[in-house]
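Asker:
Residue numbers (our numbering): 223 to 828.
(1) I'd like to confirm something about residue 403: is its beta-carbon nearer than 7 Å to some heavy atom of the ligand MG, or not?
(2) Have a look at residue 769 and residue 738 and give me their C-alpha separation to the nearest angstrom.
(3) When we look at the beta-carbon of residue 634 and count the other beta-carbons within 10 Å, is it buried (16 or more) or exposed?
(4) What did DSSP end up calling residue 269 once you bin it into helix, strand or coil?
(5) Do residue 345 and residue 406 count as a contact pair if the criterion is CB distance below 8 Å?
(6) Leaving aside the five residues before and after residue 667 along the sequence, list all residues of the same chain whose C-beta is less than 7 Å from its C-beta, in chain order.
(7) Taking C-alpha atoms, which residue in 651, 604, 620 lies nearest to residue 661?
(8) Near residue 285, which residues of its chain fall below 7 Å by C-beta distance, leaving aside the five closest residues on each side in sequence?
(9) Are residue 409 and residue 506 closer than 8 Å when you measure CB to CB?
(10) Skipping 5 residues on each side, what residues in its chain have a beta carbon closer than 7 Å to that of residue 171?
(11) I need the straight-line Cα distance from residue 214 to residue 562, nearest angstrom please.
(12) Just to confirm before moving on: does the CB-CB distance between residue 287 and residue 796 stay below 8 Å?
(13) Excluding the five sequence neighbours on either side, which residues of its own chain have a C-beta within less than 8 Å of the C-beta of residue 732, listed in chain order?
(14) At 4 residues or longer, and completely inside the stretch 519-593: list those alpha helix (DSSP H) runs for me, N to C.
(15) With H, G and I counted as helix, E and B as strand and the rest as coil, what does DSSP make of residue 819?
(16) Count the other CB atoms within 10 Å of the CB of residue 513; is the residue buried (16 or more) or exposed (fewer)?
(17) DSSP three-state call for residue 448: helix, strand or coil?
(18) Within this structure, are the beta carbons of residue 702 and residue 582 separated by less than 8 Å?
(19) Three-state secondary structure (DSSP) at residue 513?
(20) I'd like to know if the stretch 454-466 and the stretch 327-340 are in contact, where contact means that at least 3 CB-CB pairs between them fall below 8 Å.
(21) With 16 other CB atoms within 10 Å as the buried threshold, where does residue 235 fall?
(22) Can residue 675 and residue 722 be called in contact, C-beta distance under 8 Å?
(23) By the 10 Å Cβ neighbour count, where 16 or more other Cβ atoms means buried, how is residue 607 classified, buried or exposed?
(24) For residue 476, I'd like the list of residues in its chain whose CB is within less than 6 Å of its CB, leaving aside the five on either flank, ordered along the chain.
(25) Please give the ranges of any alpha helix (DSSP H) in the stretch 393-460, keeping only runs that are unbroken, at least 4 residues long and fully inside the region.
(26) If you compare alpha carbons, which of 548, 792, 329 is closest to residue 574?
(27) Could you tell me if residue 643 is buried or exposed, where buried requires 16 or more neighbouring beta carbons within 10 angstroms of its beta carbon?
(28) Using the three-state DSSP reduction, which class does residue 674 fall into: helix, strand or coil?
(29) Please report the distance separating the alpha-carbon of residue 481 from that of residue 403.
(30) Among 689, 698, 749, whose alpha-carbon lies nearest the alpha-carbon of residue 710?
(31) Let me check one thing: in DSSP terms, what residues is residue 655 bridge-paired to?
(32) Would residue 517 and residue 509 be called neighbours here (beta carbons separated by less than 8 Å)?
(33) If we ignore side chains and look at the alpha-carbon of each, how far apart do residue 265 and residue 362 end up?
(34) Leaving out five residues before and five after residue 323 in sequence, what residues of the same chain have Cβ atoms less than 6 Å from its Cβ?
(35) When the Cα atoms are used, what is the spatial distance from residue 627 to residue 444?
(36) If you follow the beta strand (DSSP E) that residue 318 is in, where does it begin and where does it stop?
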């Protein structure tokens, strides 16, 4: 996956994206043959919709929480955010700095749930599909009515190849690797500081992709054919492979072909009810070290935070980590036999503006006048009432909550205050709003813009934020239209539907290049057409810089340029209360995705 962020709401995370769902009966009853003692039901707020969590479409918390439990990896983060090797899956080492060369060796215990060994072909598919190096055109995307997401149309015909993903790290692997048995050795085109963060996942099984794309039934031959297609740059085969990789693993109910559920981790998906629940059962072919004590974990989809707390109170679920409000926190704290973990999460709220849709923030609306468009964006950012949002909505959850004034550095990190001083966001926008400054800019450019504002319409907290922003912006002369949508995450890539958007980014890595895809020209998470040669150059330098002091300096310069360009604004770090029944032991939450699922194999039922 390289170093991505998940729309926490991408690369995009959707923890903050809430899908419409009715409250449903607990699904344990649909699991005959399993005792109550062997089942744990957990509440989550958005439904699973893709078993390929590294595509631009599938890269979302709702999917990756499930896939984290269903797939093993070379490493994982512990409770102190240390990157821990998982030697029961494989080992890895850097064998050269110049050129950067990485060797991975799969363990004999690395096995897919259908009994097929994990091989270097699986790693090759995962790496090169995300690299972008084999794409020879850009496919169209469309709203998928079945999944509720923006999916790539199956149009990779002939020799047209497009893998719907982007990884700055894997993009630096341009040569086909050396393969010897279960060992694969990659050479990077230039040093990459976060190379080890790209080893978190193996993606989907190459033998399944090869069978579906190339019609080869034998799993060894199918996986080898996928590998050979990349090695030989066989675009006719890669077109078919990319179609399968992009689309076949996207589903919201149990697929007819169970091969799409093949995984290599402690659990496999055994039941999936659209917008209701996903059930994972122990993988009988799992030979790794993370053997769980609980036979079955069911993740029940409850978008409404209050309903999830009620389900916890009723004993229908054993844990929930909802998009909480002050009232929700009080309800959780009032429950008996429930422990509330009230921490700060890895997700932060921010507002972005589209610069590529001929809307109020796009230079094209002003005859190509980039400076005029920048001033309109700046005026809008001046109207964001950041402190009021925190006082009214967040402080009741976290009395110590404060404005986040950094695009990339988490509050409390050693270099946070330095970054805040350097990037200029706090100095420029302060607590907000600055209505007089916003009015002056709009008067200067001579426009009174209409802004279509998108947010998660079924998220109470976002509804409240939108109203505060709308009231403030309209005082300055903007007209703000409510473009809230339940499927906001699916619409992010379609800026014809909105001009400004409010959502959260959730980090899944401690890597310094994690935000590359957010700001780079045509980056995987840069939906808005933002382009800066200065920022692109600084990102290039950051990829290869190993000195922490110089890394911080580059991050500071990137932030300063983003502020100068009026790219976006950050608001607050998410409060993340987690309520856990005393019947479920060893649950904790870390400040990276997958938050409370990070040590699921250590969970125990009391």
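For glycine and all other residues, C-beta sits at the position ideal for the given N, C-alpha and C.
Answerer: Walking through what the data contain:
(1) In the structure shown, the ligand MG is absent, as is every other ligand, since no ligand is present at all.
(2) 18 Å
(3) exposed
(4) coil
(5) yes
(6) 594, 597, 598
(7) 604
(8) 270, 271, 272, 275
(9) no
(10) For residue 171 there is no data in the structure shown, the boundaries of the chain being 223 and 828.
(11) The structure shown does not extend to residue 214, since the chain is modelled only from 223 to 828, so the question has no answer here.
(12) no
(13) 299, 303, 305, 419, 814
(14) 527-535, 548-555
(15) helix
(16) exposed
(17) helix
(18) no
(19) coil
(20) no
(21) Here the model assigns residue 235 a pLDDT of 30, short of 50, so the residue's position is not dependable, and the following value carries that caveat. It is buried - the Cβ of residue 235 has at least 16 other Cβ atoms within 10 Å.
(22) yes
(23) buried
(24) 494
(25) 428-436, 441-453
(26) 792
(27) exposed
(28) strand
(29) 25 Å
(30) 749
(31) Residue 655 is not bridged to any residue.
(32) no
(33) 35 Å
(34) 317, 409
(35) 50 Å
(36) 312-319
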